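Report on one structure; see the data block that follows.
Structural data, given as structure tokens:
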């Protein structure tokens, strides 16, 4: 299954966003995605294991300093990386974040 | 926001980038993440020992359950294997992590770090037997496996793996094999010379250091680096400064704890491990400032003691948007997760709420410190995960001190009082504030 990978500091604060995005995905129907959150430090291992399934990586705004490093890691697999919008993240706006994730995923090389 | 502000946050962001990508810092941070379950397992053993198996303080005090005291050895063994062996675990993990960052495919750098570490510590102890000092050989004294040698272990792990990597990259040092030799055999020889040279250098350095200065390397590192850092953090100003730095990063929306972790984790996890050991052994508890102290008094509801902010919004907040975010944040807040508060309310780049956000943990930390010093609240003796809800974390981490629970409640009350006036201001500055918010969010994304 295609994976939408979210990452923050411990993977916990983003879990609320994850559940909202899942709900939005269910409501949307269509293709099923595995949406989940991990700690930012675990991205590399996650990519080694699942780079063929991950279609987009979205970082929590609090770890946006990790963007450059993550991009470097994801580039060989052509996986787009972005930082989640502060407002959408803070309000856990699952619909808009999912929309953004799918839009990015469609750019995957 | 003005241009100056942009420049300022930009500078802080690049600091954050540098800190989080410096490889040695990263290796240490990552290792302590992996190490956390070890500490929690140790905490479990300490809790069970004291609350159940101990014939004076535990369940075993009742004659009906006195047989439980017989089982103390089990928890004692777990305690030794975890809390008293934390430095050894840290050395191996840091070696593995740095090795991975340096591009080694195998886990060997972890072993390299361990070998190097053991090679610089003395393996004999002087023991008094019948009034005369006897030298006992071939022992690993506790001070080399417990947190007392944590910094020496960290340094040796980093240095040895760096040396090993450096030598591994030298072509001259790799043993060339004819093409007919299978590649697996060739790689098995590849790390041979680099390992020999690395360990020889480290062991010789430890040896020479002792010969030339008369003091052991571990004593030097402990006295010159670890102890001054420990005493700095054990004093109120030290811990408040650390918290201030973390809060400062949070205000621009960067995970502040991630920034201070490399220094906080070794010191505060070390100090709670020491406390847990003392508690299990029935000795006097040495450290006031520990990881649970941070979580119980300075991080209630998340960074910035935002439990107070949420309560203040429920009491006095007039903005509908703010109230709905507060409602959304209450659930995660119980587990000390507050990103929705920071990014949703928002606290980030909010000149009004930044003030209480920074000062509240400093004040509640001071309250907790004073309460502990005067003995009203007990010192923390058990590590609890940071996601443990308030009240429960105060009670559990102090081994059941109601004084600590009351102190935490006072801290919560104080946090509400500090945040309240700022909510009144935020109510009045509605338009101005919202203007800022839109502008800042477009800029950051």
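Residue numbers (the working numbering), protein chains in the order written: chain G, 1031 to 1139; chain C, 65 to 509. Yeah, the Cβ is synthetic: ideal placement off N, Cα and C, and Gly gets one too. Predicted model, so just to flag it, every value in this text is computed and none were measured.
Quick one: using the 10 Å Cβ neighbour count with 16 as the cut-off for buried, is residue i buried or exposed?
i, result
"residue 1080/G", "exposed"
"residue 437/C", "exposed"
"residue 1031/G", "exposed"
"residue 1050/G", "buried"
"residue 498/C", "With a pLDDT of 49 at residue 498/C, under the threshold of 50, the predicted position of this residue should be treated as unreliable, and no value is reported."
"residue 111/C", "buried"
"residue 146/C", "buried"
"residue 253/C", "exposed"
"residue 496/C", "Any answer about residue 496/C is weak, because its pLDDT of 45 lies below 50 and its placement is not dependable; what the coordinates show is given next. Exposed."
"residue 290/C", "buried"
"residue 1105/G", "exposed"
"residue 1044/G", "buried"
"residue 415/C", "exposed"
"residue 259/C", "buried"
"residue 1067/G", "buried"
"residue 453/C", "exposed"
"residue 277/C", "exposed"
"residue 355/C", "buried"
"residue 505/C", "In this predicted model, residue 505/C has a pLDDT of only 42, less than 50, meaning its place in the structure is not dependable; the value taken from the coordinates is given anyway. It counts as buried."
"residue 215/C", "buried"
"residue 1117/G", "buried"
On the DSSP letters alone, give me the boundaries of the beta strand (DSSP E) that residue i sits inside.
i, result
"residue 1112/G", "1111 to 1113"
"residue 349/C", "Careful: residue 349/C lies outside any beta strand (DSSP E) and carries neither H nor E."
"residue 89/C", "Segment 87 to 112 is the alpha helix (DSSP H) holding residue 89/C; no beta strand (DSSP E) there."
"residue 135/C", "Premise fails: residue 135/C is in no beta strand (DSSP E) and is neither H nor E."
"residue 1137/G", "Run containing residue 1137/G: none; DSSP gives neither H nor E here."
"residue 1067/G", "1063 to 1069"
"residue 196/C", "196 to 200"
Which residue marks the beginning of the alpha helix (DSSP H) containing residue i, and which one marks its end?
i, result
"residue 405/C", "403 to 408"
"residue 382/C", "From DSSP, residue 382/C is part of no alpha helix (DSSP H); its letter is neither H nor E."
"residue 1102/G", "1097 to 1104"
"residue 487/C", "466 to 492"
"residue 1033/G", "Premise fails: residue 1033/G lies in the beta strand (DSSP E), 1032 to 1038, not in any alpha helix (DSSP H)."
"residue 1046/G", "1045 to 1058"
Name the residue from the options whose alpha carbon lies nearest to the alpha carbon of residue i.
i, options, result
"residue 1107/G", "1045/G, 1061/G, 1050/G, 1137/G", "1137/G"
"residue 1126/G", "1053/G, 1038/G, 1061/G", "1053/G"
"residue 226/C", "182/C, 190/C, 161/C", "161/C"
"residue 154/C", "401/C, 98/C, 166/C", "98/C"
"residue 1112/G", "1103/G, 1086/G, 1074/G, 1123/G", "1086/G"
"residue 335/C", "237/C, 281/C, 446/C, 247/C", "446/C"
"residue 394/C", "369/C, 412/C, 382/C", "369/C"
"residue 430/C", "135/C, 299/C, 244/C", "299/C"
"residue 133/C", "144/C, 113/C, 151/C, 150/C", "113/C"
"residue 136/C", "150/C, 311/C, 128/C, 115/C", "115/C"
"residue 410/C", "1091/G, 1102/G, 1103/G", "1091/G"
"residue 251/C", "315/C, 169/C, 309/C", "169/C"
"residue 167/C", "87/C, 266/C, 389/C", "87/C"
"residue 1124/G", "1039/G, 1072/G, 1040/G, 1056/G", "1056/G"
"residue 120/C", "456/C, 388/C, 345/C", "345/C"
"residue 997/G", "1133/G, 1128/G, 1134/G, 1135/G", "Look at the range of chain G in this structure, 1031 to 1139, and you will see that residue 997/G is not part of it."
"residue 330/C", "150/C, 73/C, 82/C, 128/C", "150/C"
Ignore the nearest five residues each way along the sequence and tell me which others in residue i's own chain have a CB closer than 8 angstroms to its CB.
i, result
"residue 407/C", "317"
"residue 380/C", "484, 487, 488, 491"
"residue 148/C", "206, 209, 210, 341"
"residue 288/C", "none"
In chain order, what residues of the same chain have a beta carbon less than 6 angstroms from the beta carbon of residue i, not counting five sequence neighbours either side?
i, result
"residue 420/C", "482, 483, 486"
"residue 208/C", "185"
"residue 1064/G", "1031, 1033"
"residue 198/C", "191"
"residue 201/C", "188"
"residue 435/C", "441, 471"
"residue 326/C", "89, 92, 93"
Tell me which residues share the same chain as residue i and place their Cβ nearer than 7 angstroms to its Cβ, disregarding the 5 neighbours each side in the sequence.
i, result
"residue 1083/G", "1031, 1032, 1033"
"residue 262/C", "176, 180, 224, 227, 228, 231"
"residue 322/C", "84"
"residue 386/C", "377, 409"
Note down, in chain order, every chain D residue with its Cβ under 9 angstroms from the Cβ of residue i.
i, result
"residue 1039/G", "Given the protein chain composition of this structure (G and C), no chain D is represented."
- Message: Against chain G, which members of the stretch 455 to 482 of chain C pass a CB distance test of less than 8 angstroms?
- Response: Those would be none; no residue qualifies.
- Residues of the stretch 378 to 394 of chain C whose Cβ lies closer than 7 angstroms to any Cβ of chain G, in chain order: Those would be 389, 392, in chain order.
- Would you list, in chain order, the members of the stretch 1091 to 1111 of chain G that have their beta-carbon closer than 8 angstroms to a beta-carbon of chain C? Answer in chain order: 1091, 1092, 1093, 1094, 1095, 1096, 1098, 1099.
- Check each residue of the stretch 1070 to 1082 of chain G: if its Cβ is closer than 7 angstroms to any Cβ of chain C, include it; give the result in chain order. Listed by position, the residues of the stretch 1070 to 1082 of chain G near chain C (Cβ gap below 7 angstroms) are 1071.
- Select from the stretch 66 to 92 of chain C all residues with a C-beta closer than 7 angstroms to any C-beta belonging to chain G, and list them in chain order. 77, 80, 81, 84, 85: these are the residues of the stretch 66 to 92 of chain C whose beta carbon lies less than 7 angstroms from some beta carbon of chain G, given in chain order.
- Message: Residues of the stretch 356 to 378 of chain C in Cβ contact with chain G at a cutoff of 8 angstroms, in chain order, please.
- Response: Interface annotation for the stretch 356 to 378 of chain C against chain G: empty, criterion Cβ-Cβ distance under 8 angstroms.
- Taking a cut of 7 angstroms between CB atoms, which residues from the stretch 1041 to 1053 of chain G lie near chain C? From the stretch 1041 to 1053 of chain G, only 1042, 1043, 1046 have a Cβ closer than 7 angstroms to chain C.
- Task: Could you name the residues of the stretch 1113 to 1126 of chain G whose beta carbon sits closer than 8 angstroms to any beta carbon of chain C, in the order they occur along the chain?
- Result: Answer in chain order: 1113, 1115, 1116, 1117, 1119, 1120, 1121, 1122.
- Contact list for the stretch 163 to 194 of chain C against chain G, Cβ threshold 7 angstroms: Taking a C-beta cut-off of 7 angstroms against chain G, none of the residues of the stretch 163 to 194 of chain C qualify.
- Item | Short-range partners of chain G found in the stretch 442 to 454 of chain C, where Cβ spacing is below 8 angstroms | Within the stretch 442 to 454 of chain C, contact with chain G at the beta-carbon level (separation under 8 angstroms) is assigned to 451.
- Task: Taking only beta carbons into account, state which residues of the stretch 194 to 212 of chain C come closer than 9 angstroms to chain G, listed in chain order.
- Result: For the stretch 194 to 212 of chain C, which is checked against every Cβ of chain G, not one residue is closer than 9 angstroms.
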